[in-house]
Every structure is written in C-alpha cells, then in structure tokens.
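All letters in the first sequence, in the order written, are residues 51 to 608 by the numbering used here.
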Amino acid sequence: MTETKKEEEKSLNFLEEIVEADLAAGKYSSILTRFPPEPNGYLHIGHSKSIILNFGLAQKYGGKTNLRFDDTNPVTEDTEYVESIKEDIKWLGFEWENERYASDYFEQLYKFAEALINKGLAYVDDSTPEQIAQQKGTPTEAGKASPYRGRSVEENLQLFREMRAGKYPDGAKVLRAKIDLASSNMHMRDPIMYRIKHAHHHRTGDAWCIYPMYDFAHGQSDSIEGITHSICTLEFIPHRPLYDWFIEKLEIYPSHQYEFARLNLTYTVMSKRKLLQLVNDGHVTGWDDPRMPTISGLRRRGYTPESIRMFADKIGVQKRDNLIDVSLLEFCVREHLNKIAQRRMVVFDPLKIVLTDYEKGEEWLPSEDNPEDPETTHRQLPFSRELYIEQEDFMENPPKKFFRLSPGSKVRLKSAYIIQCDEVIKDENGKIIELRCSHLPESKTGGAQANIKVQATIHWVSIPHAITAEVRQYDRLFRVEDPANEEGDFKDYINPDSLQVISAAYAEPSLAKAKFSDHYQFLRKGYFYLDKDSSEDKLVFNRTTTLRDNWVKEQKKA
RNA sequence: UGCCCGAUAGUAUAAUGGUAGUACGACAGAUUUUGGUUCUGUUUGUCUUGGUUCGAAUCCAGGUCGGGCAACCA
C-alpha cells in the first residue's frame, strides 16, 4: 500500500515524461532502449546511472532494452572488456533483450554509405587530417570546401570501393558527408563517415580495413534495431542534428536521441581514460581495485547491486551538470548492509585482558547475527579468561566524554559479561601491555545482573580461540573533491593513504567460514567483504565502508 | 567573442501560474548490550534586472555565471 502510494507520489523525470507522452500519443506501442558501451574499458558507477536509466525506463513502461557494443574503433577495443561489461550489467540485475554489436551492421552501414554517395551526399576526400582541420574553420569562421568536394558520383563510388578493397594505406582517404561547411554546428561541416584502418577487429577480424565513425554508426544502428528512445549524455547534444540528418537522408526508421547529464562523484574521477591511467601507472592494482569507482571495484569492495540502484534512484536524472557527494553513495550502501550484514567481532589493534576471577575455562555464548532482523539467527561465541579488546577502547586517563574502559570503570563485553578494570600492567617503557579485570558473573544475557546500566558495550575476542585475518581499509582515492578540475595533473591529487592494511587482525572463529555470498559488519568497525585474494590459510577482508561514528566527530571537536 | 545546453539550501532533487517540499550532509536531543540502527527537532535556497498576471521558481525580454562544441575517439 505504502509502496504504491510512494510510487504514485514520486514525480517523473524528464525522460519518463517524454516516454509517457509518446505512449499516450500512440507514437509507439512499446518502447525499446539500448545501452551502448564501447568495449575499451571497464564500466564505472557513471555507467550504472545510464544502465539503470535505460533498463529501468524500459522495465517501467513494459519495453525492452538491447545491449549494443559500439565497436567501431578496432584499435582500442577488446573482448576482455566485452566480458566484463556483460558481467557487470548482469550483476546490477538487468537482462538485455538482444546482444548486438555495431560491427554486426558493417555491411549494412557500407551500403548506407554508398546510398549517400549515389545521392551526391558523400564524397571521398584525399586531404590530410591537418588539411581537414584547416578546412573546418573555427566556431566563428565558416569552413572552406575541400578541393575533392566536387568529385562525381562515379568517381566517389569507385574510390570508396577501392578504400574497402584495401588499395590505400591508413589515412590516405576518408569518406565525408556533404552537408554545410558554413554551419554554426561544427559537426555539420562535412563530418567524416569512414576512415581507413588496417587493423584487426575483435569480432570481424581482418574482413574490413575501413571503419565507420561513431556518427555514421550509432544512429543507424539504433534505427536498424528499431530503438525508440536513444538516450546518451549531454556532450552528444551537438551531434543530434547529424544523427537526424543521416536518418532523414537514408530514409530509415527514425530513432530519436535524448540527452541527460552524466554522473560525477566527489573524491574520484569518472572517465575511462583517467581510470586507465590509474591502472597503467600502478596507482591501483587493477580495474577492480576496491578503491576504483568501477562496478567491478565496488563489487569487490562489498557494495551491493541494491545499494547502487538505490543511489541511482536518489540522484535522479536531469540535464544540469552535477557533482554528487560520495556520502550519498555511502549512505545507500550502509542502508542496505545494515539490513543484511552478518555481525561479527574482530579486534584490529589488540590489548590483552585477563579476567582474574574467571574460573570456567571456556564457555560458548550465543550472539545474534543481525539485530535488525526480527528472525535473526544466533551463533555461538567462545569466551575465556584471556581476551583481546581494542587498544582504543581503553584509556588510563580518560577525557570527560570517554565512555569505554578505564581504571575502575565498567563496560559490557558484547553478548558476554560486564567487566571492570582493576589493574594496568605496563612494560619497562611504560607502555600498557595488559589489563587485569574482574567480571560480574550474573551479568551475561538473561542473568540477574544483565540489566545493570554501563556506559558502553565493546567488542572482544577470546585469545585461545581467535583466528587471524588481513584487513584492508580503504579511504577516498583523491584528496580533493573534484580532481579532474584541479590545476595540473589529476594524479597529483591522489590520496597517499587510500589503503591501510592490517596484516593480522584477531577475529572470532566463525569467520573462518566466511563466504562471498555474505556481507559482514565487524561490530563498531564497519562493513566488510571477503576479498578474492583470500586462500585456504589466509583470510582477507575489504572494508566496504565505515559505520557512522559520532565518537570520531566528538574527538575532532576537542 | 559564433552556436548549443543549463542555473532552486553545502550537495542533489521536487513543486508543470496558486502555502518553496524531500533526501543526503551538518547541528541538537531521546532510545540503545554496536558512540551503529531507530526516533524527534534545528539550520540553510528560487543567479540578476525588468515585464506579463489578482498571483511567477514556473511565462516573456535583457544581463550574469557555469558547461559543451573546431579527434581519421566514443
């Protein structure tokens, strides 16, 4: 009920309005969108906005979505990327109707090009790249015609066929559309349609040595598939007249292009080119480094598809440039993980405690796996006389608002007893190496003293039962909000402390059975996820994100 | 000094001529066997100048500011 109400109240974004209007007007009986990545890099969170938009729009209005790889530039593209892109889309929770490639249409596109030549709307140009740039003029100055612009249809046809046949080397000739060299839109000043590249293509192999440019491939591919709404980012706005021009002159199905603002996130970069540099220069370990904003990086770090979809829903879709605070993404992942994460106890920086009055040897105490879940399961935690707690949970001379353990004070050990610190043991340098404590024997859950109020509950592990694990704690990759727009090289703003490794944290033994299907909350520490670097004899956990921490804020104020 | 987009709290996003609302953040408090969660409260906004109108964030005009466009990239 509430869900439906919320749905109704939620206002439409501008694309949903367009689709609803088109559907209401009977322009289409159902819609077909497409997600068109170039397989030259891994998908990032910015792409997930586009994926969720394209697939989500179709889902909402009973339509379908094609996955189409825009593979018109063989020198940068590779099947490695095709595979990762498919995996990422599936992981986000979407299914495409058809898997297509722009390269599927190379023959058709070639025929389209000949058709334009026959109409006198395209010509083969022998000019060099420099000459073509010269001819284009500037935004304030009209361009000039190439000396080859007046070639006859027959000559153009013959030369274009020779281009295809491999008669010319790379760069010797191009095919250009004959449009308007005086247009105020630079993209209409006789844009290049085909260039010669004697390069191996990841799908068509060596069948072709001429390849269509984006502008001559994208709109026609949309048209061939019958895409109703072709949604892309803002920088393609000036391409739209060209998109429409090719469709009009070719007299083919009129797909329409719409544009939205791409996602930008604080403290990271969002371009494949820059991400590739981080990988190639070794600033990160790979495309799936958990610090990367790639979908594979976020997945490895422990983000969930649900959290990313919630994020996309919250940021909305608009045409204004934006820089979204990464704290919103963190909020979304905490929101989801709080509901599903299994609670576990892990001590990162141990301080030994001896319970001088504990005589039992060992006992096993139940602890809930997730207090947010009313049907939570419980696991058994081993308890003993010797425990580790966190160094930071003890202070010999505590400031006013310190609620944890200090000499003479009491704290509760989560799911176990209330303890009190009786004696502080130091080494010859005065460093605290051990605490002697006593416990309230009736204070465990359900006991007579269980309801005694103490200022804090802290986590712990039993020393004889503890296992060790490597813990990788991540921080933002950059020191500044918008590294791409800072002076100089964006790499100068990399955060040198973006990774902090604890090689041996002490964990409760149940974590020996950690699984990739589970997300964990290490109590009072944050959310963690098993890393693929784990092996039989070594556990590795990635910190997905910290818990919100008011104590840290309190300390900063002081 | 051409053309094209855009402009609502710190950040995003609604209000489609009729009470400027929501989320995140920040701040304060309550609850709590996680300084988590949950709950309550507070804070801050229509780029500007005119015009149309009973009434303008919304429509019109001028200005300002931000972004994009001159790859054989997509």
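Glycine residues also receive a C-beta, built at the ideal position from the N, C-alpha and C atoms.
Mapping DSSP to helix, strand and coil, what is residue i?
i	result
residue 364	helix
residue 210	helix
residue 323	helix
residue 434	strand
residue 382	helix
residue 258	coil
residue 52	Note that residue 52 scores a pLDDT of 35, beneath 50, so its modelled location is shaky and nothing firm can be said.
residue 129	helix
residue 512	strand
residue 57	Residue confidence for residue 57 is low, a pLDDT of 43 falling below 50, so the modelled location carries little weight; the figure read from the coordinates is stated next. Three-state result, residue 57: helix.
residue 38	No answer is possible for residue 38: it lies beyond the span of the chain, which begins at 51 and ends at 608.
residue 250	coil
residue 28	Here the chain has residues from 51 to 608 only, and residue 28 is not among them.
residue 146	coil
residue 350	helix
residue 572	strand
residue 446	coil
residue 123	coil
residue 116	strand
residue 280	strand
residue 414	strand
residue 169	coil
residue 490	coil
residue 62	coil
According to the Cβ coordinates, are residue i and residue j closer than 8 Å?
i	j	result
residue 281	residue 83	yes
residue 270	residue 292	no
residue 346	residue 134	yes
residue 557	residue 396	yes
residue 49	residue 214	With the chain running from 51 to 608 in the structure shown, residue 49 is simply not present.
residue 297	residue 273	yes
residue 310	residue 65	yes
residue 485	residue 471	yes
residue 93	residue 138	yes
residue 580	residue 591	yes
residue 114	residue 70	no
residue 509	residue 390	no
residue 119	residue 151	yes
residue 144	residue 101	yes
residue 163	residue 210	yes
residue 415	residue 465	yes
Mind reading off the beta-carbon distance from residue i to residue j? Whole number of angstroms is fine, and I expect it under 8 Å.
i	j	result
residue 483	residue 439	Wrong, their Cβ atoms sit about 13 Å apart, outside the cutoff.
residue 422	residue 386	The Cβ separation is near 11 Å, so there is no contact.
residue 548	residue 525	5 Å
residue 373	residue 314	5 Å
residue 428	residue 418	5 Å
residue 252	residue 124	7 Å
residue 515	residue 448	About 29 Å; that fails the 8 Å criterion.
Of the choices the options, whose alpha-carbon is the least far from that of residue i?
i	options	result
residue 188	580, 236, 169, 174	236
residue 554	521, 569, 533	521
residue 316	120, 534, 470, 277	534
residue 527	257, 343, 92	343
residue 175	245, 413, 538, 449	245
residue 469	481, 455, 480, 475	455
residue 90	603, 326, 368	326
residue 401	247, 441, 278	441
residue 154	162, 182, 121	121
residue 260	238, 219, 283	219
residue 131	319, 337, 208, 98	337
residue 409	488, 224, 232, 211	488
residue 68	458, 589, 443, 279	279
residue 437	539, 233, 411	411
residue 605	217, 384, 453	453
residue 170	184, 181, 195, 207	207
residue 546	334, 495, 366	334
Would you list the residues sitting across from residue i in a DSSP beta bridge?
i	result
residue 400	440
residue 523	550
residue 222	Residue 222 is not bridged to any residue.
residue 237	For residue 237, which the question treats as bridged, DSSP gives no partner whatsoever.
residue 593	578
residue 78	The partner list for residue 78 (beta bridge, DSSP) is empty, contrary to what the question assumes.
residue 244	225, 262
residue 457	471
residue 300	Bridge partners of residue 300: none, in fact.
residue 476	482
residue 94	344
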